[in-house]
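J.: As given, the protein sequences belong to chains V and D, one line each in that order.
Quick note on my numbering: the first sequence kicks off at 572 and runs consecutively.
Quick note on my numbering: the second sequence kicks off at 2 and runs consecutively.
Glycine residues also receive a C-beta, built at the ideal position from the N, C-alpha and C atoms.
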Amino acid sequence: MSSDRAVPTLRPSVSLGGMQAGEPVRAADWSDIARLMMWVRGRGRCLVPQGLCLVEVADNSSETLRFHVNPSGVAVDRVWVLSARSVSAPSAFARTLQFTVQAGSSPVSQVYSRRSYDSADRDTSPPIVYIEEGVTKSSALTELTLTVAVADADGPSTKYLEVTSVGCWELPRGQLSKSAADLGISLDSLYPRRPIFEASYEGLRALAAPLAEPVRRVGLIGHWHTEAGVTSATYVDVYDLPIPVVPSKDLIGDTTRTCTWDIYGRVSDGATSGQFQLVTDTGALSTVISVPLGSTTGAWRGTGTVDIRCEDLTTANGVPGGTYPTVQLQCKRVAGGGTVHWKGFCLWEA
Amino acid sequence: MTATSPKSGRARFATSLYQADDPIDSAFARNVAGNNALHGADEQCRVLINWSSMVPAVAAAGKPSTTVGITGGGTFDQWIPVRTFGPFAISVRENGLPYKLRVRCASSVTIAGPTATIAVTVGSAETLSDIVYSTGENGVEFVPASGTTPTVLTPTTSDIITLSRSEIEGAYVGRPTLDDTAGSEIEVVVPEVVVRLWAKRSTTPIRIHQLHVAEYVG
């Protein structure tokens, strides 16, 4: 692997002290900036923070977990981490359950096994790690999927697998290519005493595009769970407490960040419709996401947006004003007499 | 001031203004190029965990509670590892020090009065697997709570975990990947940690409603 466009493992240092008015900027300073930008672009984002996921997968069945997000557009592999346990009746007997995990684009599934807990209270089992290979490099809105299938012919039929939480992050790149997708920078072209020239992805010209890109943290909330439901004709809170969300700060002077969200939902019958909204800690409302009449099959319902107070880099913990920005998901039935259902809720920086 | 960039935000600029034969001065180098690179690195923090429980009335009927905690059994006044999350890739500076981790947690107890205490620790999967937490170790511990309604907990000292170089020495993991789409096989080195949630009860079951762990450049 060439070191020319290598993504550093550790965050490189940049010193601005030598950049003074009237003084030339050293090639070494430009090189440091380029290495830092390679780290920023190539180290991968968290797409799904590990969060609520309470899904029961019965013996000889499967469940596909879905998440909506705009990835970095640079990663070629993703890392899925999940917690799961086997549950069987009678619960006094510890059982081991075999299951497979396979992510959307990956050509391979992986077999794992989990023993039921000795106690439902404690979980010290090693985490399950699955690498999704062959990811298409795109920052467009993407549905990430992870299918968990249980096929355990030997055990009692009353057992099932309980997936308790799931997360997904992008594996860092080893190097970035000289392409519009990667915006890799030729570090060799920035060494001292190299001539100034104008080739693409080389010299100072290579820095302009990545430096102009907005800051993007990506995954803020990613929940997938057993189908929940609301029948109330007025908005009801979905979570016990509003969920803390601290989006990144982009431009100088920004105090809020516009984030994107989506719901994977349906209604119980053709005469029922429903709506979802987010309420922030300041009382600001998101755009509404509707589940229209006739939407009896689960699907993503079209993204909405919400403005949330962003990180404050002058405070000890980054929380603006000393109080966490939060969002509460609310749901109501609009028409009919049925139930508004949903399984998935995602919030991210698009 | 914890930002490493001079302006604590990205400076907007038009790439069209920096074309062939256009001069670049030291002010641009410092206030735009250097600033934007540093700010981008400051804000690349990952949200590792954002887990919240649902109101029981809207959660699926007949299904397990979306809270976690200690339901019964076990010993009183003893730290119990309730859940383990991760592994997660984390950001480490060139001097070997990782970004800080910001932690928030909420809990309740089923019977008012008896207290519940929660703690969160972070470490490499290798070092954390055998650890038994005891009060005062590197982590965030929260003031004991005794209410039956879900409440955001107050940290006893700070809501920030700062890992030392030695604490993440065993955290560097080699993972096979490709150098590009359909490219050659290579290995990348990734600093990875796991997060463990601990609880200690006096006499009543504990419900944990929320856990939020995120990187912060600090």
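Sorted by chain position, which residues of the same chain lie with C-beta nearer than 6 Å to Ala663 of chain V's C-beta, five sequence neighbours on each side aside?
T.: As a first step, residue 663 of chain V is located in the first sequence; it is residue number 92 there, counting from the start. Unreliable positioning characterises Ala663 of chain V in this predicted model, as indicated by a pLDDT of 49, which lies under 50. The coordinate reading is nonetheless provided below. Once the five neighbours on either side are set aside, Ala663 of chain V has no close Cβ partner at all.
J.: Residues of the segment 837-864 of chain V in Cβ contact with chain D at a cutoff of 9 Å, in chain order, please.
T.: Listed in sequence order: no entries.
J.: Give me the residue from V:Val838, V:Leu715, V:Ile604 with the minimum Cα distance to Trp913 of chain V.
T.: Taking the first sequence and counting its residues from 1, the one referred to as residue 913 of chain V is at position 342. That would be V:Val838, whose Cα lies nearest to the Cα of Trp913 of chain V.
J.: CA-CA distance, Ser654 of chain V and Pro88 of chain D?
T.: Reading the first sequence from its first residue, position 83 is the one you call residue 654 of chain V. Reading the second sequence from its first residue, position 87 is the one you call residue 88 of chain D. Cα to Cα, the separation comes out at about 11 Å.
J.: Per DSSP, which residues does Gln621 of chain V bridge with? Please list them.
T.: Taking the first residue of the first sequence as 1, we reach residue 621 of chain V at position 50. Paired residues: D:Ile50.
J.: Under 8 Å between the Cβ atoms of Thr707 of chain V and Ala674 of chain V?
T.: In the first sequence, the residue the question calls residue 707 of chain V occupies position 136. In the first sequence, the residue the question calls residue 674 of chain V occupies position 103. Against a cut-off of 8 Å, the Cβ pair of Ala674 of chain V and Thr707 of chain V comes out as no contact.
J.: Pair every Cβ in the segment 823-843 of chain V with every Cβ in the segment 77-97 of chain D, then say whether three or more of these pairs are closer than 8 Å.
T.: No, because fewer than three Cβ pairs between the segment 823-843 of chain V and the segment 77-97 of chain D fall closer than 8 Å, the two stretches do not touch.
J.: Label Asp689 of chain V either buried or exposed according to how many other C-beta atoms from any shown protein chain fall within 10 Å of its C-beta, with 16 as the threshold for buried.
T.: For the purposes of this step, residue 689 of chain V is identified with residue 118 of the first sequence, where counting begins at 1. Low confidence applies here, because Asp689 of chain V scores a pLDDT of 48, under 50, leaving its location unreliable and the question unanswered by this model.
J.: Mind the definition here: the segment 16-35 of chain D touches the segment 785-793 of chain V only if three or more C-beta pairs lie below 8 Å; say whether that holds.
T.: They do not touch, by the three-pair rule.
J.: If you compare alpha carbons, which of V:Ile879, V:Glu784, V:Val905, V:Gly909 is closest to Met559 of chain V?
T.: The question about residue 559 of chain V has no answer, for chain V in this structure spans 572 to 921.
J.: List, in order along the chain, the chain V residues whose C-beta lies closer than 8 Å to that of Ser9 of chain D?
T.: Translated into the one-based positions of the second sequence, residue 9 of chain D becomes position 8. By Cβ distance, chain V contributes Lys820, Ile823, Leu884, Thr885.
J.: What do you get for Ala777 of chain V, buried or exposed, if any count of 16 or more other CB atoms within 10 angstroms of its CB means buried?
T.: Here the question's residue 777 of chain V lines up with position 206 in the first sequence. Buried, because 16 or more other Cβ atoms sit within 10 Å of the Cβ of Ala777 of chain V.
J.: Within the 8 Å Cβ cut-off, does Thr85 of chain D reach chain V?
T.: One-based indexing of the second sequence puts residue 85 of chain D at position 84. Chain V, which has a Cβ nearer than 8 Å to the Cβ of Thr85 of chain D, makes this yes.
J.: Just verifying my parser: in three-state terms, what is the DSSP assignment at Val611 of chain V?
T.: As a first step, residue 611 of chain V is located in the first sequence; it is residue number 40 there, counting from the start. It is helical.
J.: Going along chain V in order, which residues have a C-beta closer than 7 Å to the C-beta of Gly35 of chain D?
T.: Working through the second sequence from its first residue, we reach residue 35 of chain D at position 34. Simply Val585, Leu587, Met590, Ile604.
J.: Select from V:Arg872, V:Lys903, V:Val911, V:Asn631 the residue whose C-alpha is nearest the C-alpha of Cys917 of chain V.
T.: Looking up residue 917 of chain V in the first sequence gives position 346. That would be V:Arg872, whose Cα lies nearest to the Cα of Cys917 of chain V.
J.: Nearest to Leu49 of chain D by alpha carbon, out of V:Gly841, V:Ala921, V:Gly909, V:Val817?
T.: Start at 1 with the first residue of the second sequence, and residue 49 of chain D comes out as number 48. Ranking V:Gly841, V:Ala921, V:Gly909, V:Val817 by Cα distance to Leu49 of chain D puts V:Val817 first.
J.: I want to verify the contact list: residues of chain D whose CB lies under 9 Å from the CB of Arg616 of chain V, in sequence order.
T.: The residue labelled residue 616 of chain V in the question sits at position 45 within the first sequence. Neighbours of Arg616 of chain V on chain D, chain order: Gln45, Arg47.
J.: Where do the ends of the beta strand (DSSP E) carrying Asp825 of chain V lie?
T.: Here residue 825 of chain V refers to the residue found at position 254 of the first sequence. Segment: none, Asp825 of chain V is in no beta strand (DSSP E) and carries neither H nor E.
J.: Name the two residues that bound the continuous beta strand (DSSP E) containing Ala655 of chain V.
T.: Here residue 655 of chain V refers to the residue found at position 84 of the first sequence. Looking at the DSSP string, the run of the beta strand (DSSP E) that includes Ala655 of chain V is 649-658.
J.: Interface residues of chain V around Gln211 of chain D at Cβ under 7 Å?
T.: As a working mapping, residue 211 of chain D is identified with position 210 in the second sequence. Those within 7 Å of Gln211 of chain D in chain V are Leu812.
J.: Going by beta carbon distance, what residues of the same chain come within less than 7 Å of Thr68 of chain D, once the five residues before and after it are set aside?
T.: Within the second sequence, the letter at position 67 stands for residue 68 of chain D. Once the five neighbours on either side are set aside, the close Cβ partners of Thr68 of chain D are Ser54, Arg208, Ile209, His210.
J.: Would the segment 101-117 of chain D count as touching the segment 156-169 of chain D if we require 3 or more Cβ pairs under 8 Å?
T.: These segments touch.
J.: Need the endpoints of the alpha helix (DSSP H) that Gly41 of chain D sits in, please.
T.: Within the second sequence, residue 41 of chain D is the residue found at index 40, counting from 1. Note, Gly41 of chain D: alpha helix (DSSP H), 36-43.
J.: Applying a beta-carbon distance threshold of less than 7 Å, which residues of chain V neighbour Gly23 of chain D?
T.: Within the second sequence, residue 23 of chain D is the residue found at index 22, counting from 1. Residue identity check: residue 23 of chain D is Asp in the sequence provided, not Gly. The contacting residues do not exist; Asp23 of chain D stays about 10 Å from chain V at best.
J.: For the segment 774-799 of chain V, list every residue whose C-beta sits within 9 Å of some C-beta in chain D, in sequence order.
T.: Here the close residues are Leu775, Arg776, Leu778, Ala779, Ala780, Pro781, Leu782, Ala783, Glu784, Pro785, Val786, Arg787, Arg788, Val789, Gly790, Leu791, Ile792, Gly793, His794, His796, Thr797, Glu798, Ala799.
J.: Hey, quick one: how far does the beta strand (DSSP E) through Ala215 of chain D stretch, first residue to last?
T.: Translated into the one-based positions of the second sequence, residue 215 of chain D becomes position 214. First-last of the beta strand (DSSP E) with Ala215 of chain D: 207-217.
J.: Just the chain D side, please: which residues come within less than 7 Å of Asp808 of chain V by C-beta, in chain order?
T.: Here the question's residue 808 of chain V lines up with position 237 in the first sequence. Ordered by position in chain D, the residues that pass the 7 Å Cβ test against Asp808 of chain V are Val56.
J.: I need the boundaries of the alpha helix (DSSP H) containing Ala780 of chain V, first residue and last residue.
T.: Against the first sequence, residue 780 of chain V aligns to sequence position 209. Residues 776-783.
J.: With DSSP as the reference, label Ala663 of chain V as helix, strand or coil.
T.: Working through the first sequence from its first residue, we reach residue 663 of chain V at position 92. With a pLDDT of 49 at Ala663 of chain V, under the threshold of 50, the modelled position of this residue cannot be trusted, and the question is left open.
J.: Are any of the Cβ atoms in chain D nearer than 8 Å to that of Tyr895 of chain V?
T.: Counted from its first residue, the first sequence places residue 895 of chain V at position 324. Chain D, which has a Cβ nearer than 8 Å to the Cβ of Tyr895 of chain V, makes this yes.
J.: Exposed or buried, what is Thr41 of chain D when buried is set at 16 or more other beta-carbons lying within 10 Å of its beta-carbon?
T.: Translated into positions along the second sequence, residue 41 of chain D becomes position 40. With the sequence shown as reference, residue 41 of chain D is identified as Gly, and Thr is not the correct amino acid for it. Buried, by the Cβ-count rule.
J.: Of all the options V:Trp651, V:Thr886, V:Ile814, V:Gln846, which has the alpha carbon lying nearest to the alpha carbon of Val898 of chain V?
T.: Residue 898 of chain V sits at position 327 when you count from the first residue of the first sequence. That would be V:Ile814, whose Cα lies nearest to the Cα of Val898 of chain V.
J.: Looking at Arg606 of chain V: is its Cβ nearer than 8 Å to the Cβ of Pro579 of chain V?
T.: Here residue 606 of chain V corresponds to residue number 35 of the first sequence, with the count starting at 1. Here residue 579 of chain V corresponds to residue number 8 of the first sequence, with the count starting at 1. In this structure, Pro579 of chain V lies closer than 8 Å to Arg606 of chain V by Cβ.
J.: Where Ile112 of chain D and Val56 of chain D are concerned, what is the direct C-alpha to C-alpha distance, given to the nearest angstrom?
T.: For the purposes of this step, residue 112 of chain D is taken as residue 111 along the second sequence, with counting starting at 1. For the purposes of this step, residue 56 of chain D is taken as residue 55 along the second sequence, with counting starting at 1. About 18 Å.
J.: From what residue to what residue does the beta strand (DSSP E) around Pro177 of chain D run?
T.: Locating residue 177 of chain D in the second sequence gives position 176, where the first residue counts as 1. Taken as a continuous stretch (DSSP letters only), the beta strand (DSSP E) holding Pro177 of chain D covers 173-179.
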